[in-house]
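Student:
There are 2 protein chains.
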Amino acid sequence: MADLSALSPEQRAAELAHQREVHTEFKAAGLTLDMSRGKPCAQQLDLSTPLLSILQSADDCFGEGGLDCRNYGVIDGIPEAKRLMAMLLDAEPDDVFVFGNASLTIMHDAIARCLDYGCLGSTPWSQLPRVKFICPVPGYDRHFAILEQFGIEMLPVPMRADGPDMDAVEQLAAEDAHVKGIWCVPRFSNPSGAVYSDAVVRRLASMSCAADDFRIFWDNAYCVHDLDDAAAEEERVLDIGIACREAGTPDRYLKFASTSKITFPGAGVAAMACSAANLAEAKRLCGAQMIGHDKLNQLRHARFLPDAAALREHMRAHAAILRPKFELVQRKLREGLGDTGIASWTDPRGGYFVSFDGLPGTAARTVALAKDAGVVLTGAGATWPYGRDPEDRNIRIAPTMPPLADLDLALDIFICCAKIAALETLR
Amino acid sequence: MADLSALSPEQRAAELAHQREVHTEFKAAGLTLDMSRGKPCAQQLDLSTPLLSILQSADDCFGEGGLDCRNYGVIDGIPEAKRLMAMLLDAEPDDVFVFGNASLTIMHDAIARCLDYGCLGSTPWSQLPRVKFICPVPGYDRHFAILEQFGIEMLPVPMRADGPDMDAVEQLAAEDAHVKGIWCVPRFSNPSGAVYSDAVVRRLASMSCAADDFRIFWDNAYCVHDLDDAAAEEERVLDIGIACREAGTPDRYLKFASTSKITFPGAGVAAMACSAANLAEAKRLCGAQMIGHDKLNQLRHARFLPDAAALREHMRAHAAILRPKFELVQRKLREGLGDTGIASWTDPRGGYFVSFDGLPGTAARTVALAKDAGVVLTGAGATWPYGRDPEDRNIRIAPTMPPLADLDLALDIFICCAKIAALETLR
Chain H
1 MADLSALSPE QRAAELAHQR EVHTEFKAAG LTLDMSRGKP CAQQLDLSTP LLSILQSADD
61 CFGEGGLDCR NYGVIDGIPE AKRLMAMLLD AEPDDVFVFG NASLTIMHDA IARCLDYGCL
121 GSTPWSQLPR VKFICPVPGY DRHFAILEQF GIEMLPVPMR ADGPDMDAVE QLAAEDAHVK
181 GIWCVPRFSN PSGAVYSDAV VRRLASMSCA ADDFRIFWDN AYCVHDLDDA AAEEERVLDI
241 GIACREAGTP DRYLKFASTS KITFPGAGVA AMACSAANLA EAKRLCGAQM IGHDKLNQLR
301 HARFLPDAAA LREHMRAHAA ILRPKFELVQ RKLREGLGDT GIASWTDPRG GYFVSFDGLP
361 GTAARTVALA KDAGVVLTGA GATWPYGRDP EDRNIRIAPT MPPLADLDLA LDIFICCAKI
421 AALETLR
Chain A
428 MADLSALSPE QRAAELAHQR EVHTEFKAAG LTLDMSRGKP CAQQLDLSTP LLSILQSADD
488 CFGEGGLDCR NYGVIDGIPE AKRLMAMLLD AEPDDVFVFG NASLTIMHDA IARCLDYGCL
548 GSTPWSQLPR VKFICPVPGY DRHFAILEQF GIEMLPVPMR ADGPDMDAVE QLAAEDAHVK
608 GIWCVPRFSN PSGAVYSDAV VRRLASMSCA ADDFRIFWDN AYCVHDLDDA AAEEERVLDI
668 GIACREAGTP DRYLKFASTS KITFPGAGVA AMACSAANLA EAKRLCGAQM IGHDKLNQLR
728 HARFLPDAAA LREHMRAHAA ILRPKFELVQ RKLREGLGDT GIASWTDPRG GYFVSFDGLP
788 GTAARTVALA KDAGVVLTGA GATWPYGRDP EDRNIRIAPT MPPLADLDLA LDIFICCAKI
848 AALETLR
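As you go down the protein sequences, you meet chains H and A in turn.
The opening position of the first sequence corresponds to residue 1 in our numbering, with each subsequent residue numbered one higher.
The opening position of the second sequence corresponds to residue 428 in our numbering, with each subsequent residue numbered one higher.
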């Protein structure tokens with residue numbers, strides 16, 4: 001298809017009329033397709049079926065050193081689960097605190113502790129007149145929702161192909177002591193799929209911060225979620241822990257990961273890794289909140305994924321399911337919108353999303369049109385703080401959940417809607 | 428044994444010397460026995476072994492309405508788990524919010540939400556100059572630890588055989604708007620085993636509170652934890668929800684329960700029940716913290732305990748294991764200390780503890796002596812706010828975990844230590 005802005009007004013009107021006819025046909029078909037959230041599909045979940053029955057008898061429930069994982073205790077996780085999560089977190093097992101099923105909860109609660117108690121002796125953030133966080137955009141809506149609920153002001157900075165715009169980040173961190181943290185999804189960032197370069201990681205670790213208790217919230221949600229072996233080899237991210245220790249800022253980072261997109265999203269294991277000082281403080285403060293998380297589920301996971309080779313093999317099986325979906329997204333968008341001049345999108349090598357940018361002022365309209373035709377997309381604006389994309393152009397495409405045939409159809413509808421929204425704007 | 432205070436000084440000195448010899452022998456034996464925490468024993472845990480393998484295949488993971496419990500979502504719990512937890516909570520399933528493995532975490536987080544956001548539009552508690560809680564004593568150390576960590580002032584009131592001293596509770600609640608809540612363990616209270624009378628429940632529900640957002644934290648940890656069928660029939664507690672609705676205070680209560688002492692303490696299911704308004708607020712606020720808890724574990728529990736009859740039968744099996752232990756405690760204490768005039772203790776019909784009162788000034792010494800002889804007891808003072816028992820006399824006895832033979836020996840040692848501490852005081 002030709003560049004839509006290069007068409008004559010008459011040609012554009014004809015194309016708009018045509019796309020509206022197509023859209024009307026889609027609507028008449030009464031479809032219900034969901035591309036809204038980064039959920040694994042049923043076929044992926046089936047890969048972890050052995051996890052269900054890996055503990056069968058009472059004898060199976062005893063961990064290393066004879067620990068009865070059925071009973072109370074062990075607030076920071078059993079040793080075998082610490083080792084598993086250390087693989088995901090680029091950490092030593094001793095630096096790992098294993099929690100329940102959701103890294104989102106760990107991150108929320110970590111910020112709550114900063115607000116209530118400060119960090120390693122600093123003033124509790126809640127006692128400050130204001131608290132601000134740096135938010136690379138487009139970003140993850142649930143990260144933003146935590147900050148919004150706590151009343152923490154969000155400062156968007158642009159996300160690049162190699163991580164956040166570090167000039168902007170450094171300036172914000174250096175000039176304002178109320179700037180207390182930054183969200184980072186360092187590998188296959190949500191939604192762009194960007195992978196942080198070593199230079200970006202080093203700048204984050206070494207930058208001058210007006211706040212002594214500045215914290216990098218390092219959400220490594222897609223740490224092993226590559227679409228192929230080449231990506232696993234080539235898209236390595238420098239560990240923020242190493243970078244911070246080298247930069248003399250060992251307490252600056254908190255790393256998070258989970259098995260949500262490795263085993264079962266609703267029933268996985270999540271963990272945090274950080275410096276010994278941060279870990280000791282977290283253990284002390286969490287002692288009032290919990291006696292221990294589900295150690296049986298920790299044990300199930302440790303036995304199901306006993307080493308790096310097992311983990312790698314398991315993630316290869318995920319990739320085999322997901323790769324055709326991501327390839328389909330690229331092919332359909334290229335064929336449908338490639339030469340139209342109305343859109344650009346990312347082509348990630350892992351993770352769960354493709355970030356799509358339409359013409360300014362078209363994202364909300366595209367999402368609404370798609371909904372009319374039975375395709376639920378992530379809400380327009382969701383990738384921005386407060387749900388407000390100032391240019392109204394970014395849409396997160398989540399291709400993992402629908403079966404291939406559904407995804408194919410959903411993309412046809414999406415492309416049609418993006419064209420309509422663009423043509424209405426160009427008119 | 429005779430009343431120790433009625434003995435002559437010489438007789439007391441001789442008895443003290445004798446008990447010290449006994450104590451020395453115990454020490455020499457190098458024992459390690461633990462009566463410190465209310466943990467189920469291995470035999471109890473074995474009762475729930477079928478839970479481990481109740482979900483075997485991918486097909487087993489689908490709940491009512493075809494919900495795939497492996498995937499993300501359903502923040503407030505699956506319907507079948509709501510029904511199970513409603514049985515424990517004396518609630519309707521619609522009033523239940525199912526969480527993860529620990530009611531302690533739910534209670535901690537519920538208080539955190541009151542502090543951060545207030546209740547149903549009230550001023551956030553953290554913005555008040557101070558917040559106070561009524562704490563019946565002796566009580567549960569982990570309840571007190573939550574308040575202490577949040578800087579909430581604790582106001583002890585005496586615990587009676589039928590619940591807290593309601594004259595004291597009513598006065599505190601009525602006169603000070605900073606008094607925001609009360610801890611209640613209404614059935615087989617920790618540690619006394621007291622069961623709240625209907626009159627106490629009605630007074631809690633209907634009392635005048637200076638704080639409009641006063642909350643009763645109703646921790647029904649031992650809701651079905653009877654030592655025999657007669658107790659299950661006779662020791663019924665009026666539901667605080669019914670009482671509050673009748674009293675026109677429908678939002679005053681938050682009820683909590685878990686399967687920690689029904690199935691696996693480390694891997695159970697916990698839930699909260701409350702008014703529709705409180706539930707809606709909790710769901711809204713929790714949306715930033717969690718996507719959903721472990722629905723596979725919820726499904727396991729719902730299938731393992733599908734109805735009231737199954738639950739009752741399962742708790743009977745627990746009682747059969749625990750009853751001899753509680754009977755042993757009563758027999759040994761009666762035989763060892765019954766006529767000495769130095770101690771009194773409760774005789775609960777359920778729950779996990781016996782509350783022991785020695786002579787004033789002897790609890791810390793008794794616990795220290797026991798530790799010297801290899802018996803770990805709950806720390807003296809733990810049953811009081813800030814760990815400070817003003818009379819230094821209360822000790823929580825937790826007889827559930829040790830095998831009967833160990834418990835027998837531990838009680839011998841405990842009785843010896845209680846006598847030594849008393850005789851030293853009487854000297």
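The beta carbon of each residue, even a glycine, is placed where N, CA and C say it ideally should be.
1) Whole angstroms is fine: what's the gap from H/P156's alpha carbon to A/G590's?
2) Note down the Cα distance separating A/V651 from A/A513, rounded to an integer number of angstroms.
3) At 4 residues or longer, what runs of the alpha helix (DSSP H) sit wholly inside the segment 184-213 of chain H?
4) Tell me the rounded alpha-carbon separation between H/L16 and H/T425.
5) Does the beta carbon of H/L45 sit closer than 8 Å to a beta carbon anywhere in chain A?
6) Look at the alpha carbon of H/A102 and the alpha carbon of H/R203, and state the distance between them as a whole number of angstroms.
7) Which two residues bound the contiguous alpha helix (DSSP H) that contains A/A703?
8) Examine chain H for any beta-carbon lying closer than 8 Å to the beta-carbon of A/M512, and answer yes or no.
9) If the cut-off is 8 Å on Cβ atoms, which residues from the segment 709-726 of chain A count as contacting chain H, listed in chain order?
10) Return helix, strand or coil for A/E602, following the three-state DSSP convention.
11) Give me the chain H residues within the contact set of A/R642, using Cβ-Cβ distance strictly less than 7 Å, ordered along the chain.
12) Distance, Cα to Cα, H/F150 vs A/L515?
13) Does any residue of chain H have a CB that is nearer than 8 Å to the CB of A/H745?
14) Assuming A/T476 contacts H/A58 (C-beta within less than 8 Å), just tell me the rounded distance between them.
15) Take the Cβ of H/D239 as the centre, count every other Cβ of all protein chains shown within 10 Å, and call the residue buried at 16 or more, exposed below.
16) Can you tell me whether A/A700 is helix, strand or coil according to DSSP?
17) Helix, strand or coil for H/D251, going by three-state DSSP, please let me know.
18) List, in chain order, every chain A residue whose beta-carbon is nearer than 8 Å to that of H/Q56.
19) For my contact list, H/E74 and H/V269 are in at a C-beta cut-off of 8 Å; report their separation, rounded to the angstrom.
20) Who are the Cβ neighbours of A/T827 in its own chain at under 7 Å, not counting the five residues just before and after it?
21) Suppose you measure from the CA of A/L494 to the CA of A/T532; what does that come to, to the nearest Å?
22) Kindly indicate which three-state DSSP category H/A373 falls into: helix, strand or coil?
23) At 4 residues or longer, what runs of the alpha helix (DSSP H) sit wholly inside the segment 84-158 of chain H?
24) Can you give the beta carbon distance from A/A704 to A/K682, rounded, assuming they're within the 8 Å contact cut?
25) List the residues of chain A whose Cβ lies closer than 9 Å to the Cβ of H/K39, in chain order.
26) Within 10 Å of its beta-carbon, does A/F489 have 16 or more other beta-carbons around it, so buried, or fewer, so exposed?
27) Cβ closer than 9 Å: which chain H residues qualify as neighbours of A/D495?
28) Do you know how far the Cα of A/G814 is from the Cα of A/C671?
29) In the segment 806-839 of chain A, which residues sit with their C-beta less than 9 Å from some C-beta in chain H, listed in chain order?
30) Please identify the residue among A/D819, A/I842, A/V802, A/D833 whose C-alpha is closest to the C-alpha of A/S463.
31) List the endpoints of the continuous alpha helix (DSSP H) containing A/L460.
32) Check distances from the C-beta atoms of the segment 502-535 of chain A to those of chain H and list, in chain order, the residues that come in under 8 Å.
33) Mind listing, in chain order, the continuous beta strand (DSSP E) runs of no fewer than 3 residues lying wholly within the segment 15-51 of chain H?
34) So, with DSSP's three-state summary, where would you put A/I822?
35) Just to make sure I have the definition right: I need the residues of chain D whose C-beta is within less than 9 Å of the C-beta of H/A145. Which are they?
36) With DSSP as the reference, label H/A257 as helix, strand or coil.
Tutor: Judging by the given coordinates:
1) Distance between the alpha carbons of H/P156 and A/G590 is about 54 Å.
2) A/V651 and A/A513: Cα-Cα distance of roughly 12 Å.
3) Uninterrupted alpha helix (DSSP H) stretches at least 4 residues long and entirely within the segment 184-213 of chain H occur at 198-206, given in chain order.
4) Distance from the CA of H/L16 to the CA of H/T425, rounded to the nearest whole angstrom, comes to 11 Å.
5) It does: the Cβ of H/L45 has a partner Cβ on chain A nearer than 8 Å.
6) Cα to Cα, the separation comes out at about 29 Å.
7) Where A/A703 is concerned, the enclosing alpha helix (DSSP H) stretches over 703-713.
8) So, not an interface residue.
9) Within the segment 709-726 of chain A, the residues whose Cβ lies closer than 8 Å to some Cβ of chain H are L712, G714, A715, Q716, M717, I718, G719, H720, D721, K722, L723, N724, listed in chain order.
10) Helix at A/E602.
11) Around A/R642, no beta-carbon contact reaches into chain H at under 7 Å, the shortest distance being about 18 Å.
12) Cα to Cα, the separation comes out at about 33 Å.
13) Closer than 8 Å: no.
14) 5 Å between Cβ atoms; contact.
15) Buried: at least 16 other Cβ atoms inside 10 Å.
16) Strand.
17) H/D251 sits in coil when the DSSP states are folded into three classes, being neither helix nor strand.
18) Residues of chain A passing the Cβ test: L479, S480.
19) Residue identity differs from the one stated: residue 74 of chain H is Val in this sequence, not Glu. Not really, about 13 Å apart at Cβ, beyond 8 Å.
20) If we look at A/T827 and ignore the five residues flanking it on each side, its Cβ neighbours are G465, K466, P467, C468, L749, K752, Y779.
21) Going by the C-alpha atoms only, they are around 26 Å apart.
22) Shown here, H/A373 sits in coil according to DSSP, grouped into three states, outside any helix or strand.
23) Taken in chain order, the complete alpha helix (DSSP H) segments of 4 residues or longer contained in the segment 84-158 of chain H are 103-117, 141-150.
24) Actually they do not touch by this definition, with Cβ atoms about 15 Å apart.
25) Here the neighbours are N498, Y499, G500.
26) Burial is judged here by how many other beta carbons sit within 10 angstroms of a residue's own beta carbon; A/F489 has fewer than 16 and is exposed.
27) By Cβ distance, chain H contributes A42, L45, G266.
28) Taking the straight line joining both Cα atoms gives about 32 Å.
29) If the cut-off is 9 Å between Cβ atoms, the segment 806-839 of chain A has M828 near chain H.
30) The residue from A/D819, A/I842, A/V802, A/D833 with its alpha-carbon nearest to that of A/S463 is A/V802.
31) Unbroken run through A/L460 is the beta strand (DSSP E), 460-462; no alpha helix (DSSP H).
32) Only those residues of the segment 502-535 of chain A whose C-beta falls short of 8 Å from the nearest C-beta of chain H are listed: G527, N528, A529, L531, T532, H535.
33) Runs of the beta strand (DSSP E) spanning 3 or more residues and lying entirely within the segment 15-51 of chain H occur at 33-35, in chain order.
34) Three-state DSSP puts A/I822 in a strand.
35) Reference to chain D is not applicable here, since the protein chains of this structure are H and A.
36) The answer is strand: DSSP assigns H/A257 an E or B state.
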